[in-house]
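As given, the protein sequences belong to chains H and X, one line each in that order.
For the first sequence, the UniProt record's numbering gives the first residue as 1, with consecutive numbering after it.
For the second sequence, the UniProt record's numbering gives the first residue as 1, with consecutive numbering after it.
2 protein chains.
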Amino acid sequence: MKVEKISEKYSCVASCPMRNVIAHFANKWSMLLLVILDEFGVMRFNELSRAIPDISPKVLSGHLKTLESIGLVKRILYAEVPPRTEYELTELGKSLIPILNQLSEWARRNLEKISKNLRKRD
Amino acid sequence: MKVEKISEKYSCVASCPMRNVIAHFANKWSMLLLVILDEFGVMRFNELSRAIPDISPKVLSGHLKTLESIGLVKRILYAEVPPRTEYELTELGKSLIPILNQLSEWARRNLEKISKNLRKRD
DNA sequence: CTGTATCCTACTCGATACTG
DNA sequence: CAGTATCGAGTAGGATACAG
Chain H
1 MKVEKISEKY
11 SCVASCPMRN
21 VIAHFANKWS
31 MLLLVILDEF
41 GVMRFNELSR
51 AIPDISPKVL
61 SGHLKTLESI
71 GLVKRILYAE
81 VPPRTEYELT
91 ELGKSLIPIL
101 NQLSEWARRN
111 LEKISKNLRK
121 RD
Chain X
1 MKVEKISEKY
11 SCVASCPMRN
21 VIAHFANKWS
31 MLLLVILDEF
41 GVMRFNELSR
51 AIPDISPKVL
61 SGHLKTLESI
71 GLVKRILYAE
81 VPPRTEYELT
91 ELGKSLIPIL
101 NQLSEWARRN
111 LEKISKNLRK
121 RD
């Protein structure tokens, strides 16, 4: 296949899946959130905070908003005092989980090898 | 499952696959590079540049270095004039491709839906 | 051809404090 | 409880020039 053909498929066109879809959640926080939401089912803001100890509320809130606007996560606000908000995966979000789990499996399988590779760099 | 258990599995421990492995290539450029390298087989620096028109040489070089240090990409430098360098996937890199392709398929399938979701945000 | 050097911008991230 | 506001630090990304 010619380079130009590949370019058409992945780069130039506005319909490149990597650029237009995956770029929005291809980072450690978003993927982590999706996998955790899958395992736990329904979670509140504070539960997510505790599940990922080293994420600040601002960053957590930001990623949740992004995931919600993509349509991967559903946010349900209950008009109560004190306020309660629940986050859970949408159907679209759930459909992504098997792939994310495979990715996670792959990472787990190759964790040692990759850590060794990374150490060699130093 | 308790939140604390999830925390142990994905967040606290140094062995969390998402944090220690996936975080290194979970971005649009790296994933794009891996998929393109898979389709083309062996590519030179310039071919990659042309395949992804809107990546600067600095950024391309940086991502290739990272992928190389993870062990996903192999870099072969031929001592010629003019210089020639060839990039290709390692076995480890190839083992990741099926998953990346599934991700890409998923993205392509849901491209329209997600674009619509994102537009609603504005 | 294959990058590196430089400069600059923009975004991301993190900590903390604070509001409804 | 569920976030937002603010500030600051660090880093990733982009344009361009140019070196081996």
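Ideal Cβ positions, reconstructed from N, Cα and C, are used throughout, including at glycine.
Once you ignore the five residues that flank I70/X on each side, which residues in its own chain have a CB closer than 6 angstroms to its CB? Residue numbering aside, residue 70/X sits at position 70 when the second sequence is read from its first letter. Taken in chain order, the residues that qualify are H24.
Taking the Cβ atom as the reference point for each residue, do I44/X and T90/X lie within a distance shorter than 8 angstroms? By one-based count along the second sequence, residue 44/X stands at place 44. By one-based count along the second sequence, residue 90/X stands at place 90. Sequence inspection shows Arg at residue 44/X; the Ile mentioned does not correspond to that position. No, the pair does not count as a contact, with Cβ atoms beyond the cut-off.
Are there 16 or more other CB atoms within 10 angstroms of the CB of L77/X, so buried, or fewer, so exposed? Working through the second sequence from its first residue, we reach residue 77/X at position 77. Looking at its Cβ environment, which holds fewer than 16 other Cβ atoms inside 10 Å, L77/X is exposed.
Using a C-beta cutoff of 8 angstroms, does V59/H count as contacting chain X? Taking the first residue of the first sequence as position 1, residue 59/H is located at position 59. It does not: the Cβ of V59/H has no partner Cβ on chain X nearer than 8 angstroms.
Meets three-Cβ-pair contact criterion under 8 angstroms: the stretch 16–32 of chain X and the stretch 58–70 of chain X: yes
Would you mind sorting N110/X into buried or exposed? The rule is 16 or more other CB atoms within 10 Å of its CB. Looking up residue 110/X in the second sequence gives position 110. Buried, because 16 or more other Cβ atoms sit within 10 Å of the Cβ of N110/X.
Is the CB of K74/H under 8 angstroms away from at least one CB in chain X? The residue given as residue 74/H occupies position 74 in the first sequence. Not an interface residue.
Quick check on K94/X - is its C-beta less than 8 angstroms from some C-beta in chain H? As a first step, residue 94/X must be located in the second sequence, where it is residue number 94. Taking Cβ atoms only, chain H never reaches closer than 8 angstroms to K94/X, which makes this a no.
Beta carbon of W106/H, beta carbon of L34/X: below 8 angstroms? Start at 1 with the first residue of the first sequence, and residue 106/H comes out as number 106. Start at 1 with the first residue of the second sequence, and residue 34/X comes out as number 34. By the CB criterion at 8 angstroms, W106/H and L34/X fall outside the cutoff.
Secondary structure at T90/H, three-state DSSP: helix, strand or coil? As a position in the first sequence, residue 90/H is number 90, starting the count at 1. Three-state result, T90/H: coil.
Using a Cβ cut-off of 8 angstroms, pull out every chain X residue sitting near R84/H, in sequence order please. For the purposes of this step, residue 84/H is taken as the residue at position 84 of the first sequence. Within chain X, no residue has its beta carbon less than 8 angstroms from that of R84/H; the closest one is some 16 angstroms off.
Using CA coordinates, which residue listed in A51/H, G41/H, T66/H is at the minimum distance from N117/X? Residue numbering aside, residue 117/X sits at position 117 when the second sequence is read from its first letter. Taking only the C-alpha atoms, the option nearest N117/X is T66/H.
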